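Residue numbers (the working numbering), protein chains in the order written: chain L, 1 to 360; chain P, 361 to 644; chain A, 645 to 915.
Each residue gets a CB set at the ideal place from its N, CA and C atoms; glycine is no exception.
Bear in mind that the values here come from a model prediction, so they are computed numbers and not experimental data.
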Amino acid sequence: MGYRKRLALASIATAASLLVGLAIPQANAAGLYPSKPKGTELNLFNWSNYIDPELLKRFTAETGIKVNLGVYESNAQMLAKLEAGARGYDIIVPTDYMVQIMQKKGLLQRIHRTSYPNGGNLKPEFLNPYFDRGRIYTVPYLHGLTGFGYLKDKVTTSPTTWKEFFAAIPSYPGKTTIFDDKKEAIDAALRATGAKPCTKNVAQLQKAQDLLKSIKPSLNTIASSGNIGRLSSGTSVLLMMYNGATYKAHLANPNVVFVYPKDGLPLWQDNFAIPVGAKNVDNAKIFLNFMMDPKNMAQASNWAAYNNGIAGSEKYLLPAMQADTAFSPTDAQMALGVAMAPCSTEVNDLYTKVWTAFKG
Amino acid sequence: MEPGIYGPAFVSFPAYVTGVLLVGLPLVVVIVFSFLQRGEFGSGVIHKFTLDAYRTVFFETDLMGNKSFNFSFLTIIFRSVLLAFTVTVICLMVGIPTAIWIALQKKSTQRILIALVTIPFWVNVLARTYAWMLLLADGGLFNQLGSPVLLYTSWATFIGLTYAFLPFMVLPIYASAEKLDRSILEAAFDLGASGWRVLIRIVIPMIRFGIFAGIAIVFIPALGAYVQPSLLGGNKSMLIGSLINDQFGESRNWPVGSALAVLLLTMTGIILLATRRRKLELAS
Amino acid sequence: MKQKNWNVSHLPLIKPIGIASLIFLYLPLFTVLMFSFNKSEDATTWGGFSTRWYATILDNTDLIRSAKVSLSIAIPCAIIAALIATGLAIGTGKATGKVQNVLRALVNAPLVLPEIVTSVGTLALFSFVGVPLRYSSLLFAHVVMCVPFAFLPIRSRLRDFDENIFEAARDLGASSVRVMTKITVPLLVPALLSSGLLSFIISMDDFLTSLFVSGPETTTLPIYIFGLLKLGASPEVNVIAALLLIIPTLGLLVGITWTATRRRSNEARNK
Numbered sequence: 001m002g003y004r005k006r007l008a009l010a011s012i013a014t015a016a017s018l019l020v021g022l023a024i025p026q027a028n029a030a031g032l033y034p035s036k037p038k039g040t041e042l043n044l045f046n047w048s049n050y051i052d053p054e055l056l057k058r059f060t061a062e063t064g065i066k067v068n069l070g071v072y073e074s075n076a077q078m079l080a081k082l083e084a085g086a087r088g089y090d091i092i093v094p095t096d097y098m099v100q101i102m103q104k105k106g107l108l109q110r111i112h113r114t115s116y117p118n119g120g121n122l123k124p125e126f127l128n129p130y131f132d133r134g135r136i137y138t139v140p141y142l143h144g145l146t147g148f149g150y151l152k153d154k155v156t157t158s159p160t161t162w163k164e165f166f167a168a169i170p171s172y173p174g175k176t177t178i179f180d181d182k183k184e185a186i187d188a189a190l191r192a193t194g195a196k197p198c199t200k201n202v203a204q205l206q207k208a209q210d211l212l213k214s215i216k217p218s219l220n221t222i223a224s225s226g227n228i229g230r231l232s233s234g235t236s237v238l239l240m241m242y243n244g245a246t247y248k249a250h251l252a253n254p255n256v257v258f259v260y261p262k263d264g265l266p267l268w269q270d271n272f273a274i275p276v277g278a279k280n281v282d283n284a285k286i287f288l289n290f291m292m293d294p295k296n297m298a299q300a301s302n303w304a305a306y307n308n309g310i311a312g313s314e315k316y317l318l319p320a321m322q323a324d325t326a327f328s329p330t331d332a333q334m335a336l337g338v339a340m341a342p343c344s345t346e347v348n349d350l351y352t353k354v355w356t357a358f359k360g
Numbered sequence: 361m362e363p364g365i366y367g368p369a370f371v372s373f374p375a376y377v378t379g380v381l382l383v384g385l386p387l388v389v390v391i392v393f394s395f396l397q398r399g400e401f402g403s404g405v406i407h408k409f410t411l412d413a414y415r416t417v418f419f420e421t422d423l424m425g426n427k428s429f430n431f432s433f434l435t436i437i438f439r440s441v442l443l444a445f446t447v448t449v450i451c452l453m454v455g456i457p458t459a460i461w462i463a464l465q466k467k468s469t470q471r472i473l474i475a476l477v478t479i480p481f482w483v484n485v486l487a488r489t490y491a492w493m494l495l496l497a498d499g500g501l502f503n504q505l506g507s508p509v510l511l512y513t514s515w516a517t518f519i520g521l522t523y524a525f526l527p528f529m530v531l532p533i534y535a536s537a538e539k540l541d542r543s544i545l546e547a548a549f550d551l552g553a554s555g556w557r558v559l560i561r562i563v564i565p566m567i568r569f570g571i572f573a574g575i576a577i578v579f580i581p582a583l584g585a586y587v588q589p590s591l592l593g594g595n596k597s598m599l600i601g602s603l604i605n606d607q608f609g610e611s612r613n614w615p616v617g618s619a620l621a622v623l624l625l626t627m628t629g630i631i632l633l634a635t636r637r638r639k640l641e642l643a644s
Numbered sequence: 645m646k647q648k649n650w651n652v653s654h655l656p657l658i659k660p661i662g663i664a665s666l667i668f669l670y671l672p673l674f675t676v677l678m679f680s681f682n683k684s685e686d687a688t689t690w691g692g693f694s695t696r697w698y699a700t701i702l703d704n705t706d707l708i709r710s711a712k713v714s715l716s717i718a719i720p721c722a723i724i725a726a727l728i729a730t731g732l733a734i735g736t737g738k739a740t741g742k743v744q745n746v747l748r749a750l751v752n753a754p755l756v757l758p759e760i761v762t763s764v765g766t767l768a769l770f771s772f773v774g775v776p777l778r779y780s781s782l783l784f785a786h787v788v789m790c791v792p793f794a795f796l797p798i799r800s801r802l803r804d805f806d807e808n809i810f811e812a813a814r815d816l817g818a819s820s821v822r823v824m825t826k827i828t829v830p831l832l833v834p835a836l837l838s839s840g841l842l843s844f845i846i847s848m849d850d851f852l853t854s855l856f857v858s859g860p861e862t863t864t865l866p867i868y869i870f871g872l873l874k875l876g877a878s879p880e881v882n883v884i885a886a887l888l889l890i891i892p893t894l895g896l897l898v899g900i901t902w903t904a905t906r907r908r909s910n911e912a913r914n915k
């Protein structure tokens, strides 16, 4: 064959295979869901105390896959572990803004949700979040809001805003707690001083830093976990709290109250994702499918006391929990929620300065 | 290499390999990383030489653009040194008498007492720290006996560290003290010396060796402590250990974390040199 | 004034401080032990005696798995570290050359450097070279940490050796390998056991290095427990802490009585 002819044939073949290669995922999407588990392990990297142990046991009973649970306390910690070389986690649970960061860094793999038996179970309003349009990389897990909680028999001033929250802290020295979370703490302090999260305004950040430093002597610990016990036992009477965690504390102590601060609060969405380098991708997909079953996701919601994004789960939720405003905010309360979005790198560096000045 | 009298020299090669590869190299890498640039979005390092990490440790520009010494970091370093120093002093004040007391018992009693001192050392540090979480909690034993709640204060960190390191102080001093020549003490008492004189002029100088070893064994790990400040101290006052952990974890700034580690290494080296020279003096 | 019969009470404060320090060392341990039998669900206030929480431990699959992970690291680590340390002791003998001293200092470094430095160093090295954080990386990190500890009993045993035996063997023409296999190693066996045991305990108890170098499948027991501790005091943690207390103590007591009876029977035999 002449040289030119060979070149032409080669180009056509390459182009054709490229097209076929691109087309195949869509065409064979149905074939991407594993027919059975591969091996017996699943490495789950989740927030501390964030999934019902009984649910995991049922997963193992139904699929034969054992779950190895690792825990972390913040998105930054999870990212740090992955970037330090810990490959092999099959499922991670990043919050919305972290999904965007990780996806930009190429750390997540496509989950091919449409090929799953339960893949269509998402509530329509959860299908196109800003951080994952079309839900290509994630499945929604639980969502909630970060406000604050207090014991109404101990804190009689009834704070309703972040401003009042911070103002009340010095009155209860040694009995107050805020999260060990740079973003949450600084965002709250910014709201309390009349600014918005992710602000570039240095003067506003300085005011937030001063506020945080001023309340530090009155805090007992700076922690994101262990607060349910702290609040229900009265070790802390006023603290930064997730809404669902506060509901659980309320079950143990009826004096517990959750507040949706009127100066705004973050609305966050946690998601399951499969990181690049996952060891048991097939089992991860089976897990995701399992969690998209409304009965299973409802069990997770019932245990953690947060709502979820799976259609049909409502009928399995505990009625008492559904009736409580900590679980189901009113429209007015929901309107106060602002979706968390990542700040720019330069603002992040400013946040780090504030945080180190505060924590050190 | 000349074979030793116990066996061929080559059997020590695995030790040398692990020593160089897994002890020497990590230290080298940490030193190198402290001179590199922080990676994009904070992850890892970029292989470009810079003094940024050290600049960050010592100096800072605050939010308003004012340049000054990095008071946050320098406070943390100073606080760690102060805490380690205090813990060492208290361990000395309790450990020296305890070691002497044990060494002056009869042999069989000595063995029992030393075993008793050693046992806590074998219990996981987390369990021992947790014990103090129970004792110092709001409503815990100390609180019920009238003390203010100590959990989540610097006092708790201090108590937890002293508790963890006391056996470390007692054992080397005891090793020195058990070789005490009792006839010298007897002679001193016969000559009419008071107890204090015997203690300060005779016993303590004779166990100097063990004391220096104890100081090094307590001060250095206390400098780099992480568990106690995190669980007992309420995570509020960072020490060097928690700061380094933070820079390698949550804050994702490996060069700064490495620079701090280098700083800690340097301080360790100084302590080791200071206590080693004394031992050499004694030996000669 | 002549004091013929002096005793330790004549040295001021020695006895009271000594006794006080023993109380100080054991008060927390007894507290944990006691509270593991606390009936109440509130972990920090006493509510009566009960063993109910001990039963829940067996249900805790995460706890059991992390214990298995720790054992799967500690046992190989103990063996490898003891072997490496023995090799070091035999191979270097009493040599005091500059190279040997530096190398010995390096091998012993984990003993004197703060663990935070060695652990971030190990992490940095693995990251630099591109080694992922998995079982083998954690095992290596543990071995390196245990070798200096493993070295201690062996070195002290070597010091007790009668060197004449070795010199005689060399004079008789035995090769160094023969000396090692026929004389040194058999004499070292009890030290090897202490070495292995020491390394085993160090590895089981290690927290900081494991925290930095652990990966998806290597959540060790201390890492798991630390996560629980961050959630605050609870009856389950009381039991776990009590077990962490009881098991090594029992093991040590058994070990001590065993060595004591061996010593006594040796002394009796030698009479």
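1) How is residue 740 of chain A classed by DSSP in three states: helix, strand or coil?
2) Go through its chain and collect everything with a Cβ distance to residue 342 of chain L's Cβ below 7 Å, but skip five positions before and after it.
3) Do the CB positions of residue 347 of chain L and residue 186 of chain L come within less than 8 Å of each other?
4) By the DSSP assignment, the alpha helix (DSSP H) with residue 214 of chain L in it spans what residues?
5) Between residue 904 of chain A and the rest of its own chain, which residues show a CB-CB distance below 8 Å, the 5 nearest in sequence each way excluded?
6) Quick one: any contact between the stretch 783 to 802 of chain A and the stretch 719 to 739 of chain A, if contact means 3 or more CB pairs under 8 Å?
7) Compare the C-beta of residue 436 of chain P with all C-beta atoms of chain L and state if any pair is closer than 8 Å.
8) Excluding the 5 residues preceding and the 5 following residue 54 of chain L in the sequence, name in chain order all residues of the same chain whose CB lies nearer than 8 Å to its CB.
9) Please report how far the alpha carbon of residue 501 of chain P lies from the alpha carbon of residue 690 of chain A, in whole angstroms.
10) Would you mind giving the Cβ-Cβ distance between residue 883 of chain A and residue 698 of chain A, rounded to the nearest angstrom? I have them listed as a contact below 8 Å.
11) Please list the partners that residue 220 of chain L has in chain P, where partner means a Cβ-to-Cβ separation under 9 Å.
12) Could you pull the start and end residues of the alpha helix (DSSP H) that residue 97 of chain L belongs to?
13) I'd like to check one pair, residue 351 of chain L with residue 182 of chain L: are the Cβ atoms closer than 8 Å?
14) Are any of the Cβ atoms in chain A nearer than 8 Å to that of residue 518 of chain P?
15) My guess is that residue 763 of chain A and residue 856 of chain A are in contact by the Cβ rule of under 8 Å, so how many angstroms apart are they, rounded?
16) Please report the distance separating the alpha-carbon of residue 586 of chain P from that of residue 513 of chain P.
17) Starting from the beta carbon of residue 610 of chain P, find every residue of chain L whose beta carbon is closer than 7 Å, and list them in chain order.
18) Would you say residue 632 of chain P reaches chain A, if we count a Cβ-Cβ gap shorter than 8 Å as a contact?
19) Give a yes or no on whether the minimum CB-CB distance between residue 694 of chain A and chain L is below 8 Å.
20) Counting only runs of 4+ residues fully inside the stretch 824 to 902 of chain A, write out the alpha helix (DSSP H) ranges in chain order.
21) At the level of alpha carbons, what is the spacing between residue 911 of chain A and residue 902 of chain A?
22) Mind checking who residue 257 of chain L pairs with in its DSSP beta bridge?
23) Assign residue 282 of chain L to one of two classes, buried (16 or more other C-beta atoms within 10 Å of its C-beta) or exposed (fewer than that).
24) Any C-beta of chain B sitting closer than 8 Å to the C-beta of residue 851 of chain A?
25) Ends of the beta strand (DSSP E) at residue 405 of chain P?
26) When the Cβ atoms of the stretch 770 to 781 of chain A are set against those of the stretch 842 to 855 of chain A, are three or more pairs found closer than 8 Å?
27) Counting along the chain, where does the alpha helix (DSSP H) carrying residue 174 of chain L start and finish?
28) Is the stretch 379 to 393 of chain P close to the stretch 209 to 223 of chain L, with three or more CB pairs under 8 Å?
29) Which residues in chain A have a C-beta closer than 9 Å to the C-beta of residue 523 of chain P? List them in chain order.
30) CA-CA distance, residue 42 of chain L and residue 59 of chain L?
31) Can you check whether the CB of residue 272 of chain L is closer than 8 Å to the CB of residue 93 of chain L?
32) Since residue 433 of chain P is in the alpha helix (DSSP H), which residue starts that stretch and which ends it?
33) Could you check which residue in L:314, L:331, L:244 has the C-alpha nearest to that of residue 258 of chain L?
34) Just curious, the beta strand (DSSP E) that residue 337 of chain L is in, first and last residue?
35) Thinking just about the alpha-carbon of each residue, which of L:199, L:39, L:209, L:82 is nearest to the one in residue 422 of chain P?
36) Does the separation of the CB atoms of residue 758 of chain A and residue 575 of chain P fall below 8 Å?
Reading from the atomic positions:
1) Position 96 of the third sequence, counted from the first residue, corresponds to residue 740 of chain A. DSSP places residue 740 of chain A in coil when its eight states are reduced to three.
2) Your numbering for residue 342 of chain L matches position 342 in the first sequence. 97, 100, 101, listed in sequence order.
3) Taking the first residue of the first sequence as position 1, residue 347 of chain L is located at position 347. Taking the first residue of the first sequence as position 1, residue 186 of chain L is located at position 186. It is not a contact, given that the beta carbons lie outside the stated cut-off.
4) Within the first sequence, the letter at position 214 stands for residue 214 of chain L. Taken as a continuous stretch (DSSP letters only), the alpha helix (DSSP H) holding residue 214 of chain L covers 202 to 215.
5) For the purposes of this step, residue 904 of chain A is taken as the residue at position 260 of the third sequence. Nothing meets the Cβ criterion.
6) yes
7) In the second sequence, the residue the question calls residue 436 of chain P occupies position 76. So yes, residue 436 of chain P belongs to the interface.
8) To locate residue 54 of chain L, count along the first sequence from 1; it is residue 54. These residues qualify, in order along the chain: 299, 303.
9) In the second sequence, residue 501 of chain P corresponds to position 141, counting from 1. In the third sequence, residue 690 of chain A corresponds to position 46, counting from 1. C-alpha separation (whole angstroms): 10 Å.
10) One-based indexing of the third sequence puts residue 883 of chain A at position 239. One-based indexing of the third sequence puts residue 698 of chain A at position 54. Confirmed, Cβ separation roughly 5 Å.
11) Numbered from its first residue, the first sequence carries residue 220 of chain L at position 220. In chain order: 498, 509, 511, 512, 513, 594, 596.
12) The residue labelled residue 97 of chain L in the question sits at position 97 within the first sequence. Here the alpha helix (DSSP H) through residue 97 of chain L covers 96 to 104.
13) Numbered from its first residue, the first sequence carries residue 182 of chain L at position 182. Numbered from its first residue, the first sequence carries residue 351 of chain L at position 351. Their beta carbons are under 8 Å apart, which means residue 182 of chain L touches residue 351 of chain L by this criterion.
14) In the second sequence, the residue the question calls residue 518 of chain P occupies position 158. Output row for residue 518 of chain P: interface = no.
15) Here residue 763 of chain A refers to the residue found at position 119 when the third sequence is read from its first residue. Here residue 856 of chain A refers to the residue found at position 212 when the third sequence is read from its first residue. About 4 Å; that satisfies the 8 Å criterion.
16) Against the second sequence, residue 586 of chain P aligns to sequence position 226. Against the second sequence, residue 513 of chain P aligns to sequence position 153. If I take the Cα positions, the gap works out to 15 Å.
17) Along the second sequence, one-based indexing puts residue 610 of chain P at 250. Within chain L, the residues near residue 610 of chain P are 74, 76, 77, 80.
18) Here residue 632 of chain P refers to the residue found at position 272 of the second sequence. By this cut-off, residue 632 of chain P is an interface position.
19) One-based indexing of the third sequence puts residue 694 of chain A at position 50. Chain L contact via Cβ: absent.
20) 829 to 849, 852 to 857, 865 to 874
21) Here residue 911 of chain A corresponds to residue number 267 of the third sequence, with the count starting at 1. Here residue 902 of chain A corresponds to residue number 258 of the third sequence, with the count starting at 1. Spanning the two alpha carbons is a distance of roughly 14 Å.
22) Stepping through the first sequence from its first residue, residue 257 of chain L is reached at position 257. Paired residues: L:150.
23) Here residue 282 of chain L refers to the residue found at position 282 when the first sequence is read from its first residue. Buried is the call here.
24) In summary, chain B is missing from the structure at hand, where the protein chains are L, P and A.
25) Position 45 of the second sequence, counting from 1, holds the residue named residue 405 of chain P. Run containing residue 405 of chain P: 405 to 409, per the beta strand (DSSP E) assignment.
26) no
27) Taking the first residue of the first sequence as position 1, residue 174 of chain L is located at position 174. Looking at the DSSP string, residue 174 of chain L is not in any alpha helix (DSSP H), and its letter there is neither H nor E.
28) no
29) Start at 1 with the first residue of the second sequence, and residue 523 of chain P comes out as number 163. Within 9 Å Cβ-Cβ: 668, 669, 672.
30) Here the question's residue 42 of chain L lines up with position 42 in the first sequence. Here the question's residue 59 of chain L lines up with position 59 in the first sequence. For residue 42 of chain L and residue 59 of chain L, the distance between alpha carbons rounds to 11 Å.
31) Here residue 93 of chain L corresponds to residue number 93 of the first sequence, with the count starting at 1. Here residue 272 of chain L corresponds to residue number 272 of the first sequence, with the count starting at 1. The answer is yes: Cβ separation under 8 Å.
32) Here the question's residue 433 of chain P lines up with position 73 in the second sequence. Where residue 433 of chain P is concerned, the enclosing alpha helix (DSSP H) stretches over 431 to 463.
33) Mapped onto the first sequence, residue 258 of chain L falls at position 258. Taking only the C-alpha atoms, the option nearest residue 258 of chain L is L:244.
34) Here the question's residue 337 of chain L lines up with position 337 in the first sequence. Its beta strand (DSSP E) spans residues 337 to 339.
35) Residue 422 of chain P sits at position 62 when you count from the first residue of the second sequence. Among L:199, L:39, L:209, L:82, the Cα nearest to that of residue 422 of chain P belongs to L:209.
36) As a first step, residue 758 of chain A is located in the third sequence; it is residue number 114 there, counting from the start. As a first step, residue 575 of chain P is located in the second sequence; it is residue number 215 there, counting from the start. Not a contact, by the Cβ cut-off of 8 Å.
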